[in-house]
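Numbers in the numbering used here are just positions in the sequence shown, counted from 1, shifted up by 89.
Data first, discussion second: the structure below is written as structure tokens.
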Amino acid sequence: MPSKIVSWAIRQAKAIAFNVAADPIVRGLKVEEFIRKYLKEIELKTPENPILGGFKIFSQVDEDGIIETISSRLPEEARNKTFIEIGCGRGVENNTAYLVVKGYRGVWVDGSSANIAHIHDSLPETKAGNPVLRVDQQMIYVHNVKALLEQYRDFLGTSEPEYFTLDIDGNDAFVLAEAMKVISPAIVCVEYNGKFPPNIDLTIEQNDDHFWQNNDYHGASLATMVRVLDKYRLVACSLAGSNAFFVRKDLAQNFADYTPEQLYRPAQYELIKRSAGHPPSLKWVRDALTRSAR
């Protein structure tokens, strides 16, 4: 049996190891180390994959950089600096806050009154309507998405926004199919259920009463999204295995034609802990709106 001193030393070593692992800085470094190794593996198999240009500013993991990389490869005429984001959250961690900061015009939509209240409180100019950023509280369903997108299309002055993103944790595939009847974005980003392999075509049953219960029953698999977006080419999936990026086929000449199996990333939601510095705020977005009003 070990002596009391040895036992104490072992307990102390375990305690120190636990505290180090729990330290947010150390945890963040481990996440970044994992990402670097993961990207090296991806680069070997798909060297032209836009995921290699990924980075986080306001997005959850690497979506800001993926969007910027994809956009840079579009023909000039498709880069009209407009967007629509359905499922924008509180605005501080979504796929388009960085676009607003860069001078894009767009629409934020979310079903949560608390989320929209936070945006309005942070960006008072959006309450009465703003020519750069329209903010709407709307629950999105199959039966109303087309009428709403007609309004957003008119607001933006185009039926071909540069970027469209959808994340509603439920009837995504069914809503997406209806949305594509109204708009033809250059880039489409849609959340997929990374639990399922890329050859499994699977979606939840259509149900307007569905609300995500913090479990695996949500959305649709990557194969389903590929099927629904038949006029688009899958060009990347996010590191966390949560967002799939598509480019309209007539605009995809600068993208390698990788298969869904090559681009698929499994669910690794722990990467959402990735840091981009201090906690995000909407003050950078507010500054962008102020500049545009001058």
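We put the beta carbon where it would ideally sit given N, CA and C, even for glycine.
Nothing here was measured: the structure is a model prediction, and the numbers come from that model.
Whole-angstrom Cβ separation of V455 and A262, contact assumed at under 8 angstroms? Shown here, the chain extends from 90 to 383; a query on residue 455 therefore has no answer.
Can you give me the C-alpha to C-alpha distance between L352 and G142, rounded to a whole angstrom? Taken atom to atom, the span from the alpha-carbon of L352 to that of G142 is near 14 angstroms.
So, are the CB atoms of K235 and V264 less than 7 angstroms apart? In terms of Cβ geometry, K235 and V264 do not form a close pair [threshold 7 angstroms].
Backbone secondary structure at A106 - three-state DSSP: Here the model assigns A106 a pLDDT of 39, short of 50, so the residue's position is not dependable and the matter cannot be decided.
May I ask you to list the residues that DSSP assigns as paired with T348? Beta-bridge analysis with DSSP links T348 to no other residue.
List the endpoints of the continuous alpha helix (DSSP H) containing A356. No residue range can be given for A356, since it is assigned to no alpha helix (DSSP H) and is classified by DSSP as neither H nor E.
Can you tell me the Cβ-Cβ gap for I159 and A325, rounded? I've got them flagged as a contact below 8 angstroms. About 7 angstroms separates the two Cβ atoms, so the contact holds.
Kindly indicate which three-state DSSP category E157 falls into: helix, strand or coil? Note: E157 maps to helix in three-state DSSP.
Relative to the alpha-carbon of V189, which residue among I173, A203 and G200 has its alpha-carbon at the smallest distance? Checking every option, the nearest Cα to that of V189 belongs to I173.
Given that a residue counts as buried once 16 or more other Cβ atoms are within 10 Å of its Cβ, and exposed if not, what is T171? Per the 10 Å Cβ criterion, buried.
According to DSSP, residues forming a beta bridge with D199: Beta-bridge pairing links D199 to Q226.
Give me, in chain order, the residues of the same chain whose beta-carbon lies closer than 8 angstroms to that of V274; leave out the 5 immediate sequence neighbours on both sides. Per the sequence shown, the amino acid found at residue 274 is Pro instead of Val. Correct list, in chain order: I173, E249, P250, E251, Y252, F253 and R337.
Closest Cα partner of S370 within the set G200, H299 and H209: Answer by Cα proximity: H209.
Is DSSP giving E280 helix, strand or coil here? Annotated three-state conformation of E280 is strand, per DSSP.
For D256, which residues from the same chain have a beta carbon less than 6 angstroms from its beta carbon, with the 5 sequence-adjacent residues on both sides left out? Residues of the same chain with a CB within less than 6 angstroms of the CB of D256, apart from the 5 flanking positions on each side, are G176 and E280 in chain order.
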